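**Q** Questions regarding the structure given below will be posed in turn.
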Amino acid sequence: MNLLKDFRRLSSDIQSPPNIGLRRSGQVEGVRQMHQNAPRSQIATERDLQAWRRRVVVPEITSSIFRNQEEYRISKGEEEKWLYTIEHKTKIFQSSEKVRNPRLLKCIITHR
Numbered sequence: 001m002n003l004l005k006d007f008r009r010l011s012s013d014i015q016s017p018p019n020i021g022l023r024r025s026g027q028v029e030g031v032r033q034m035h036q037n038a039p040r041s042q043i044a045t046e047r048d049l050q051a052w053r054r055r056v057v058v059p060e061i062t063s064s065i066f067r068n069q070e071e072y073r074i075s076k077g078e079e080e081k082w083l084y085t086i087e088h089k090t091k092i093f094q095s096s097e098k099v100r101n102p103r104l105l106k107c108i109i110t111h112r
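One point on numbering: in full-length UniProt numbering, the residue at position 109 of the sequence shown is 109, and numbering is uninterrupted.
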């Protein structure tokens with residue numbers, strides 16, 4: 001028991017005060033800002049400040065509106081894929097018709 005008390009007392013004597021030693025990055029930044037010694041990349045320009053003043057905060061949408069918008073985007077995507085497939089099949093059909101009908105192919109080549 002006494003050994004444990006002695007160890008605790010010794011370990012508290014050894015600890016250094018909190019302001020001595022390495023600083024954490026937040027403390028370094030605080031010192032830089034306090035002394036106006038921040039790196040150029042971290043200094044806000046007048047343009048940055050104007051943009052910050054003009055910012056617009058957009059409220060969150062409800063889950064039902066979000067779900068409706070998502071369903072709309074998915075259906076539009078499906079429609080786009082369907083149109084692409086039809087156009088692709090039409091092009092394949094037209095090119096096969098050109099090969100089958102040599103007169104049509106000759107007519108197309110001469111008009112180019």
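Glycine residues also receive a C-beta, built at the ideal position from the N, C-alpha and C atoms. Just so you know, these numbers come straight off a predicted model, no measurement behind them.
1) CA-CA distance, S95 and G77?
2) Measuring CA to CA, which of Q69, R55 and E80 is closest to residue 126?
3) Please report the residue range of the alpha helix (DSSP H) in which R55 lies.
4) Where in the segment 61 to 85 do unbroken runs of the alpha helix (DSSP H), each at least 4 residues long, occur, reported from the N-terminal end onward?
5) Run through DSSP, which three-state label would T90 get?
6) Quick check: the Cα distance between K89 and S75, rounded to an integer number of angstroms?
**A** With the structure as the only source:
1) About 27 Å.
2) The chain is shown from 1 up to 112; residue 126 falls before or after that span and cannot be answered.
3) Premise fails: R55 is in no alpha helix (DSSP H) and is neither H nor E.
4) For secondary structure counted as the alpha helix (DSSP H) over 4 or more consecutive residues, the segment 61 to 85 holds no complete run.
5) helix
6) 21 Å
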